[in-house]
Amino acid sequence: MTRQFDCFVFTRITISDSVVDFMKKYSKLFVRLRFIDCKIFSQKRKSPYRERFLKCDNLKYLETENSDVIALFAFIPNVTTLMVHECSSLTDYAMCQLNKTLYKLEMLSLSGSIIYNEADYEKFYVNGKTIETNPSKSVLSFAAVKKFIENHKKTITGLNLSKLKLPPETVVTISNINGLKLKNVSFSPDLPSSVIKKFCANQFSLTSLQLTSLCHVTDETVSALCKFLPNLENLFIYPNRKIDESIVEIFQLEHLEVLFLGNSKAISELNYGQAVLKLKAFKLKDLNLVSAQITDYSLYELLKRNLNIRHLNISHTSVSNETLNMISKNLINLESLNLDACTRISDPGITGEFQYFSNSLTPTPLSNLKNLRKLNISNNELITSNGCIKALKFPYLRSLRLQECPFFTYRHDIHRILEEQNPRLAHFMISGNSIKYMKIGYFQGS
C-alpha cells in the first residue's frame, strides 16, 4: 500500500495492539486522522506500544472526540490543525509533550474544563514544582494552555474557544499574547460582548469571526467589530434576535466573502433596504439569509451586485420568480442553491417560461446554472412535477431535495426521469401528494 489516506476515521474502536500495529505500519501514509469515541485497551501486561510510538511525518490534521489517544503520538511535525475535544487525558503534561513535536500548527481547538485561579493551581503544583519542571498529569491549567499558544504564536492563525470553559478575563489575556496574529476565532456562547470587543480590538488581524449562538451580540457589538476589523472576509452571526441597524455596517465591509445571517430575524426590511443602498460588499461568494426579512427588491439588488456567489441559501424568504430568473441568468458560478419554503416561487421561476415579462427580464431556466452541485426547492406548493421535469437538468448536480411538494404525482414517473436528466445525482429526496422516493448517497458538502 503506497497511496496516502486523505482521511482515515476510527469510530468506537478499542485501540488494541493489533490496531496499534496497523497504525504504526501505515503511519507515514496518514494525512488526516479522526478518532471518535475510541479508547485504549487496558491490559495487565505492559504493551510495547503503550505511549508515544506513532511518527506521522505527513499528518496534517489530527482530530479527536471523546478519545484519549493523544499519548500515542510521538512525532507529528507537519500537523496544521489540532482538535482535542472531550479528552480526559488532556493535561498540562500532554500539552507539554505536544509542544515538543508540533512545528507548523495553524488551527487549535480544545474543549473541557481548566483550572485558572492561583488557589487551584497551587493544589497541583507544590514544593516548587512548575509546569516547566514537572507538568501535572492530573489537570489542565490555563497557564499551560497560554504557554502552548505562546510557543506556537508565530504559526497559529485560528483558535476555537467555543468549547473551552474559560472565564472572560482569561479570554482577553489570550488576545494580549505578544506576537499572536489570529485570522479566525470562535467564542463560547455565554461570553459577554465587552470581552468580544476587547479581544477583537487586540487581534485586529482577524479576517474570520464566528459569533454563532452568542447570546450577548447586539447592534453595538457588531458595529464595534466592523470598526475594529475592516478587513473581515468571513462573518457568521446566527441565530440572532437582537441585531438590526448594524446590518448597514456589515454590508459596508469591502472584503467580505462569506456572510451567514441565517435566522437573524430582528433585521427589518427597512434596514436591509438601507444596507443595500449603501452596499460596499461586492465580493460575496457564500451568502446565507435563511428567514431574512428582506424585500424581494433589496434581495435582487444585493445579488445583482455579487455575481460571483457560489453558495446561496435564501430559504424561507420572499424571493420572487423574477429574482430567481435573474439568479439563473447571472449567478452562473453557483454550486449550491437553497430555495426551501420560498412560497412565491412557481413553475415559471424555474422553467423561465413567463407569460408576461418586462424588457428587463430575459427568461432563463434554472438549468442555466451549469455548475450547480446542490439544489433544495422543497416545501414550495406552486412548483409542479411538470415544471421540475422541464427545468431540472444539470450535468454535475449531486444533491436534490424536492420534499413536501403537494402537486407532485407519479404521472410522469418523475424520480426516474429526474435521475436520467441529472446523471450524477448521489443524494435525492422527493415527496409529495402521492409520491415518496429517497436515494441517500454521500458526496463532499452533503
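Numbering (the numbering used here), first residue to last: -9 to 436.
Glycine included, C-beta positions come from ideal geometry on N, C-alpha and C.
- Per DSSP, residue 64 is one residue of the beta strand (DSSP E) stretching across 63 to 65.
- Judged by DSSP secondary structure, residue 379 falls within the alpha helix (DSSP H) whose first and last residues are 375 to 381.
- Residue 405 carries a helical assignment under DSSP once its states are collapsed to helix, strand and coil.
- Each residue's CA atom was taken as its position, placing residue 131 and residue 89 some 15 Å apart.
- A residue is called buried once 16 or more other Cβ atoms fall within 10 Å of its Cβ, and residue 103, having fewer, is exposed.
- Take residue 309, set aside five residues on each side of it, and the residues of its chain with a beta-carbon closer than 8 Å to its own are 286, 289, 329, 332, 334 and 335, in chain order.
- In the DSSP assignment, residue 52 falls within the unbroken beta strand (DSSP E) covering 51 to 55.
- Taking the Cα of residue 265 as reference, the smallest distance to any Cα among 250, 235, 255 and 247 is reached at 235.
- In this structure residue 84 is not in contact with residue 105, their Cβ atoms being roughly 15 Å apart against a cut-off of 8 Å.
- Counting along the chain, residue 99 sits inside no alpha helix (DSSP H); it lies in the beta strand (DSSP E) bounded by residues 97 to 100.
- Under the criterion of beta carbons closer than 8 Å, residue 391 and residue 416 do not qualify as touching, at roughly 13 Å.
- When 20, 76 and 72 are compared, the shortest CA-CA separation from residue 28 is found for 76.
- Annotated as proximal: residue 52 and residue 72, with beta-carbon spacing under 8 Å.
- The residue from 283, 128, 294 and -2 with its alpha-carbon nearest to that of residue 17 is -2.
- Residue 198 has its alpha-carbon roughly 21 Å from the corresponding atom of residue 69.
- DSSP places residue 176 within a strand segment (E or B) once states are collapsed to three.
- The segment 240 to 312 contains, as complete beta strand (DSSP E) runs of 3+ residues, the segments 248 to 250, 276 to 278 and 301 to 303 (chain order).
- Shown here, residue 427 sits in a strand according to DSSP, grouped into three states.
- In the DSSP assignment, residue -1 falls within the beta strand (DSSP E) that extends over -2 to 1.
- Residue pairing for residue 395: DSSP places it in a beta bridge opposite 422.
- For residue -4, the closest of 20, 230, 79 and 5 by C-alpha to C-alpha distance is 20.
- Taken through DSSP and simplified to helix, strand or coil, residue 118 comes out as coil.
- Using a 10 angstroms sphere on the CB of residue 342, the tally of other CB atoms reaches 16 or more, which defines it as buried.
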